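Asker: Using numbering that gives the first Met the number 0, the letters of the sequence shown correspond one by one to residues 0 to 51. In this text, a Cβ means the ideal position worked out from N, Cα and C, and glycines have one as well. Quick caveat, the model's predicted, so the values are computed rather than measured. This structure is in structure tokens; I'll ask about it shortly.
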Amino acid sequence: MQYCGDLFVMKNYVMIIKPVIHLFYPISHSMLLVSFVVVVILIKISDLQSLL
């Protein structure tokens with residue numbers, strides 16, 4: 000059940016980040032990957048904070 004929640008959150012993050020990616024897309028392909036990794040890390044950190 001937690002996984003479904005994470006998936007829903009990921010979709011929301013993607014919806015927020017997509018316009019940002021479109022703004023910075025010409026810069027480089029790797030930026031897209033970096034931003035995705037940062038989002039995943041942020042989600043994990045927020046999960047840890049909610050557990051504490």
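Closest to Met9 by C-alpha separation, out of Phe35, Val19, Leu22 and Pro18, would be which residue?
Answerer: Numbered from its first residue, the sequence shown carries residue 9 at position 10. The shortest Cα separation from Met9 among Phe35, Val19, Leu22 and Pro18 belongs to Phe35.
Asker: When you compare each of Ser29, Leu50, Gln48 and Val38 to Val13 by their alpha carbons, which one comes out closest?
Answerer: On the sequence shown, residue 13 is found 14 positions in, with the first residue counted as 1. Comparing Cα-Cα distances from Val13 to each of Ser29, Leu50, Gln48 and Val38, the minimum goes to Val38.
Asker: Cutting at 7 Å between CB atoms, please list the residues of its own chain near Ile16, excluding the five before and the five after it.
Answerer: Counted from its first residue, the sequence shown places residue 16 at position 17. Cβ neighbours of Ile16 beyond the five flanking positions: Ser34 and Val38.
Asker: If I measure Cβ to Cβ from Ile42 and keep anything under 8 Å in the same chain, skipping five residues before and after, which residues do I get?
Answerer: Here residue 42 refers to the residue found at position 43 when the sequence shown is read from its first residue. Once the five neighbours on either side are set aside, the close Cβ partners of Ile42 are Asp5, Val8, Met9 and Tyr12.
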